[in-house]
Amino acid sequence: MKFISIAIKDAKELIRDRRGLFMILIFPLFFMLVFGFAFGGMGQSNTPHKIAVINNDEGVYLPFIQEEINFGNNLTKILEDSKYENSDVNLFKVTKTNETAADELLKQREIDAAIIIPKNSSKAIAALISSSISPNTNLQSTNQISDNETATIIIKGDTGYVGFGISQGIIVGILEQYQDQLLFQIQSSLSSKSGYEQLKFIESKVEPLEGTETFTSFDFLAPGMIVFAILLLATTVAASLTREVEKGTLDRLKLSYMKSFDLLMGGLIPWSLVAAVQVIILFVVAVLIGFHWQGGLNSLILAIFVGIVGGIGSVALGMIIAAFAKTERQAANLGTIITVPTSFLVGAFFELPQVVIGNFMGQSFQIYDFLPWTHTLNALRTLLTFGGDWNDITYQLGLSTLLTLLLFILGVFLFSRNRLGAES
Amino acid sequence: MTNFIIEAHNIGKNFDGLMAVDGLNLKIRKGEVFGFLGPNGAGKTTSISIMVGLLKPNTGQVFINSKDVKEIDRGIIGICPQELVLWEHLTCKESLMLMGEMYEVPKDLLKSRVDKLLKDLILEEKANTTVEKLSGGMKRRLNLALALVHEPDIVVLDEPSEGLDPQSRRVLWNYILSLRNDQDKTVILTTHLMDEADRLSDRIAIIDHGRLLKLDTPENLKKEIGEGDIVDIKTSNPKKNKELIENLSNLEQLNSAIEVNGRINVRALDAVSKLPLIMDKVEKVGVRISELSVRQNTLEDVFIELTGTGLRE
């Protein structure tokens, strides 16, 4: 079992080469953190948006409920109480202040947006109610309520700031729902004659894909980052194999009874374990910085297995590179030139345009589908992002395994021919 | 029955127009220390790489124990390359165990063999130290140990003393001699160090530009160019060296006179008694002596005699 000895040797070298190991594990981690931060996962999901409310509303007396009411206060309360869907986390952290102070907070980006409720907003709403319900009731306008009163609520902020864009979108939605709900509540109140009830905000009903309600771009990118890390292994494997050639240790091994199988199989074991460790580490980090993991432990175990298959593909690619590279540096450069564009081609960073070239087993086959890591990525997304199970990844894992096997055979052939025979 | 363990027939190797080995014919006896002597770039390492099957020759064939080198049991050869070929992150013991396992040495035997090698090559205390932390001399000794862990019949040592301090060199030389004397190994030694070749080799092949210039025992090689001393002269005007050599060559009492790197080497029996004759010619040519020394004939002089030049670095 010489391949076991080679595997132990490679594992020891891997672990003892702290700098190399650091690079293998930390470099992709760095990418994960950058992408997590850039694409909305990191610490931004389910955290309240900071806004300021400047309530200038003077209130109004509503004759049909015989009560003085301030809709500005009401709206402020609704903003304070609004929560994320299926969550106890508030949508907003509201600071009640004046316009000057709010401007200062906006400039400092202490808040994302400021809402200025005008002094006539209650009157305008009362006018809206009056005009809406008057055809059906005997309600008479008071001198306080004008039929043509309009109020403009100002949402103020830095239009070039992404935080403002997000907050603005949510606030506008809430205002529209508030207005509709207000009308509905008053009409119900009058028709049932049950008196005035506290107005409540009713959350909108949307039906997104299950589990994706709080998704950010990062949820699609995180599996891509894992595949990117797995692909980068090819560079490290190529450099490691070329180092054996360059330093002459491969010649030393070639002179022994070691066979190509021992060397390549021995190398495959620790590198596959590295791939598994990468999947676990990157997955944990992704979850910590905002990846919305769907599925249970089973999906994670399957993901590790998928990662190992992808890792074997990378080892095979590393062998192919090492079959041609003459020096370690050349292998590293060549590896980078090959793996980075491949990462893009498999869709690790963004979806590529559809280039369907045929059908395979009832599924459309795209040009990118020749790369095993495309299926690694699809399978990882299915498992980790959408909580799929074994049945959902059978096709992707099957293709990934088949293509990896072909790539591995090619890698073994090229490396054995170019590096393991007598030099010519 | 032939007593030769290695036979090289007309081997040649061409690297992009550079003839590294040119029609080399050699026969190496079982149990001898065979020295390959030549300057750097003479083709020694290339010749050896071909002879152990690491490099394919363009022409010729190599037989080991009468079998084509391509078909031999790889375990009968152990190579200690010129460069340090080591796994930096493995310990001495791990490196030796790994190579033993690659040569399928039984586990219990391997352990005792590794311990003995570490002891013999004074690496016992560093058995569990990773290679990266060893000194140059220790690495060189481990490099040798890795070639011996499977107890090969043929041990190839390519420039084994390169970069060693005198103490480490002495340890290494003693060990190489013990390989022949105590273990009956055939040792092929390449070196550009004359004293190393002279002290260790039973026979020496002098090669340059990939060609075999001479093959014999060190004693015979020295006799070949005649016994005697070398008078090494540096003149005040090297431009007149040629004229002086012509004058010296006419003297019957001197064996030869040649120019080596701007100096004149005169070979003669009892050279000291011939000095007045030499000085007479020096005066006649009209130059002065800047430096003069008399020393015994060495292998280097044999090489100079054969190639007409000094050893290249």
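The listed protein sequences derive, respectively, from chains A and B. Everything in the first sequence is counted per my numbering, starting at 1 for the first residue and increasing by one. Everything in the second sequence is counted per my numbering, starting at 1001 for the first residue and increasing by one. C-beta: ideal position from N, C-alpha, C; glycine also.
- Short of 6 Å from the beta carbon of Lys1281(B), and not among the five residues preceding or following it, lie these beta carbons of its own chain, in chain order: Asn1247, Leu1248.
- Straight-line measurement puts the Cα of Leu1117(B) at about 42 Å from the Cα of Gly1228(B).
- When rounded, the separation of the alpha-carbon atoms in Val1069(B) and Leu255(A) is 12 Å.
- For Arg329(A), no Cβ of chain B is located within less than 8 Å of the residue's own Cβ.
- Residue-level contact check: Glu246(A) does not touch chain B, since none of the beta carbons of chain B fall below 8 Å from its beta carbon.
- Runs of the beta strand (DSSP E) lying entirely within the region 1007 to 1085 of chain B and spanning at least 3 residues, in chain order: 1018 to 1029, 1033 to 1037, 1059 to 1064, 1077 to 1080.
- DSSP lists no beta-bridge partner residue for Thr401(A).
- Inter-segment contact for the region 110 to 122 of chain A and the region 159 to 169 of chain A is present: three or more beta-carbon pairs are separated by less than 8 Å.
- Counting C-beta atoms within 10 angstroms of its own C-beta, Leu1086(B) has 16 or more neighbours from the protein chains shown and is therefore classed as buried.
- In chain order, Val1085, Leu1086, Trp1087 make up the part of chain B whose C-beta sits under 8 Å from the C-beta of Thr249(A).
- Near chain A, meaning a CB-to-CB distance below 7 Å, the residues of the region 1036 to 1061 of chain B are Gly1053, Leu1054, Leu1055, Lys1056.
- For Phe386(A), there is no enclosing beta strand (DSSP E), as DSSP gives it neither H nor E.
- Pairwise C-beta distances place the region 1087 to 1102 of chain B in contact with the region 5 to 14 of chain A, as three or more of them are shorter than 8 Å.
- Contact between Ser314(A) and Ala234(A) holds: CB atoms are separated by about 4 Å, below the 8 Å threshold.
- Under a 10 Å Cβ-count criterion, Ser299(A) is classified as buried, with 16 or more other Cβ atoms of the shown protein chains found around its own Cβ.
- Taking a Cβ-Cβ cut-off of 9 Å, the neighbours of Met1099(B) in chain A comprise Arg252, Leu253, Ser256, given in sequence order.
- For Asp1182(B), the closest of Ala1127(B), Glu1219(B), Asp1120(B) by C-alpha to C-alpha distance is Asp1120(B).
- Classified as buried, Gly266(A) has 16 or more neighbouring CB atoms from the shown chains inside 10 Å of its CB.
- C-alpha of Cys1080(B) to C-alpha of Thr1045(B): approximately 11 Å in a straight line.
- Here Lys1133(B) is exposed. Its C-beta has fewer than 16 other C-beta atoms within 10 Å.
- Using beta-carbon distances, Arg16(A) counts as an interface residue toward chain B, with a partner under 8 Å.
- Distance between Ser343(A) and Ile170(A), taken at the CA atoms: about 35 Å.
- According to the DSSP assignment, Phe35(A) belongs to the alpha helix (DSSP H) that extends over 18 to 38.
- For Glu351(A), no CB of chain B lies under 8 Å from its own CB, so it is not counted at the interface with that chain.
- Here the alpha carbons of Trp271(A) and Gly311(A) stand approximately 7 Å from one another.
- Taking a Cβ-Cβ cut-off of 9 Å, the neighbours of Glu13(A) in chain B comprise Trp1087, Glu1088, His1089, Leu1090, given in sequence order.
- Membership of Glu67(A) in the beta strand (DSSP E) is indicated by the continuous run 67 to 69.
- Under the Cβ criterion of 8 Å, Thr1190(B) is not counted among the residues facing chain A.
- In this chain, the beta strand (DSSP E) harbouring Val356(A) covers 356 to 360.
- In this structure, Val1149(B) places its C-beta atom within 8 Å of the C-beta atom of Val1105(B).
- Sequence-distant partners of Val309(A) (beyond 5 residues in either direction) whose C-beta falls short of 8 Å from its own C-beta, in its chain, are Pro372, Thr376, Leu397, Ser400, Thr401, Thr404.
- A straight line joining the alpha-carbon of Glu67(A) with that of Leu91(A) spans about 30 Å.
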